[in-house]
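J.: In the working numbering, the protein residues as written are 149 to 400. Structure provided below as C-alpha cells; questions to follow.
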C-alpha cells in the first residue's frame, strides 16, 4: 500500500497576546505572531517613523554582540501600475532579524526615519533576499535609500553547492529545497494593492514571511557574502563584487 504524503502545513497568522515573560515588548503598534512550518516569529506593522526608530533600536540592542556581522532579511512590495502611472513605486519594506520582523509602509510614512537610513547604510550589516539588488535599486530610485551591502540567497546556494542552476530558483523553490516548507504564493495577494492604508492579515503574512525566510535561508546556507559596492548612481546596486567566505552561522 502506497504511503500518504502529508501536505506541508500552511502559514498561519494570529494576533500576538503580550506576555510579560516574553522577550518581545509591546511597541505600541500592530504586532502579529506568525507560524510558518515549525517556526514562530513576530511582525510589527507601521507607517510611523517613531515606531521604526524603536524597532531598530530594539534590534540593535538584542543583537549588540553580533553587529559586526548582522544578517537582515529584506524584501519590498510595490504599488500596482495604473493607466496614468506605470511606475511601480515601492509601497512597503520588510525587514527581519531572527524572530522579529518589521513591515514599514513607506507610501504612508509620516516622515523618513533617520534610523532606517542609517540602518540600511551600515556596511557591517548584510541584507539578504532573492533578487535583493532589484529591491535595493528600487529603494534608492524611489526614496533615495542606500542599501550598502547585499547578498542574494540564490547566489549563496549556488556558491555553496557549486550549482549555477540554483541561481535561477525563485524564493518559493529555494525555501522548499533548503527549508523544506511549502510557501503560499497566491497571485491574488502578490498582485494586491500594497499601498492601502490598512494591510490585510493575508498581506501581512505574505510580506513578513518573505523577509523571514530570506533571513533564515541565509543562516541555513552558512555562507557570508561580502559585497563591495561601486560608487552610488541612479542604477545603484546593479553589480557587486562578491567574495564568498565560509563561516559559522550566528544564533539568532
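Ideal Cβ positions, reconstructed from N, Cα and C, are used throughout, including at glycine. As the structure is a computational prediction, the values presented were derived from the model and not from experiment.
(1) Would you call residue 362 buried or exposed, if buried means 16 or more other Cβ atoms sit within 10 Å of its Cβ?
(2) Should residue 347 go down as buried or exposed, given a rule of 16 or more other Cβ atoms within 10 Å for buried?
(3) Tell me the rounded alpha-carbon separation between residue 345 and residue 337.
(4) Please report how far the alpha carbon of residue 180 lies from the alpha carbon of residue 289, in whole angstroms.
(5) Using a Cβ-Cβ cutoff of less than 6 Å, which residues in the same chain neighbour residue 173 once the five nearest sequence positions on both sides are dropped?
(6) Using 8 Å as the Cβ pair cut-off and three pairs as the minimum, do the region 200-220 and the region 306-318 touch?
(7) So, helix, strand or coil for residue 330, using DSSP?
(8) Closer than 6 Å by C-beta to residue 320: which residues in its own chain qualify, once you throw out the five before and the five after it? Chain order, please.
(9) So, for residue 195: in the same chain, excluding its five sequence neighbours on each side, which residues have a beta-carbon less than 6 Å away from its beta-carbon?
(10) Exposed or buried, which one is residue 205 when buried takes at least 16 other CB atoms within 10 Å?
(11) Identify whether residue 297 lies in helix, strand or coil by the three-state DSSP scheme.
(12) Provide the residue span of the alpha helix (DSSP H) that contains residue 202, from first to last.
(13) On the DSSP bridge assignment, give the partners of residue 190 in chain order.
T.: Considering the structure as presented:
(1) The residue labelled residue 362 in the question sits at position 214 within the chain shown. By the neighbour-count rule (16 or more Cβ atoms within 10 Å), residue 362 is buried.
(2) The residue given as residue 347 occupies position 199 in the chain shown. Its Cβ being crowded by 16 or more others within 10 Å, residue 347 is buried.
(3) On the chain shown, position 197 is the one that residue 345 refers to. On the chain shown, position 189 is the one that residue 337 refers to. Cα-Cα distance, rounded: 16 Å.
(4) Numbered from its first residue, the chain shown carries residue 180 at position 32. Numbered from its first residue, the chain shown carries residue 289 at position 141. If I take the Cα positions, the gap works out to 30 Å.
(5) Translated into positions along the chain shown, residue 173 becomes position 25. Because residue 173 carries a pLDDT of 34, less than 50, the predicted location of this residue cannot be relied on, and no value is offered for it.
(6) For the pair of segments examined, the region 200-220 was found not to touch the region 306-318: the number of CB pairs separated by less than 8 Å stays below three.
(7) Counted from its first residue, the chain shown places residue 330 at position 182. If DSSP states are grouped into helix, strand and coil, residue 330 belongs with coil.
(8) Counting from one through the chain shown, the residue named residue 320 turns up at place 172. Within the same chain, residue 320 has close Cβ partners 331 and 333.
(9) One-based indexing of the chain shown puts residue 195 at position 47. Within the same chain, residue 195 has close Cβ partners 253, 256 and 257.
(10) Locating residue 205 in the chain shown gives position 57, counting from the first residue. Label assigned to residue 205: exposed.
(11) Numbered from its first residue, the chain shown carries residue 297 at position 149. Three-state DSSP puts residue 297 in coil, outside helix and strand.
(12) Position 54 of the chain shown, counting from 1, holds the residue named residue 202. Residues 197-210.
(13) Stepping through the chain shown from its first residue, residue 190 is reached at position 42. Bridge partners of residue 190: 181 and 248.
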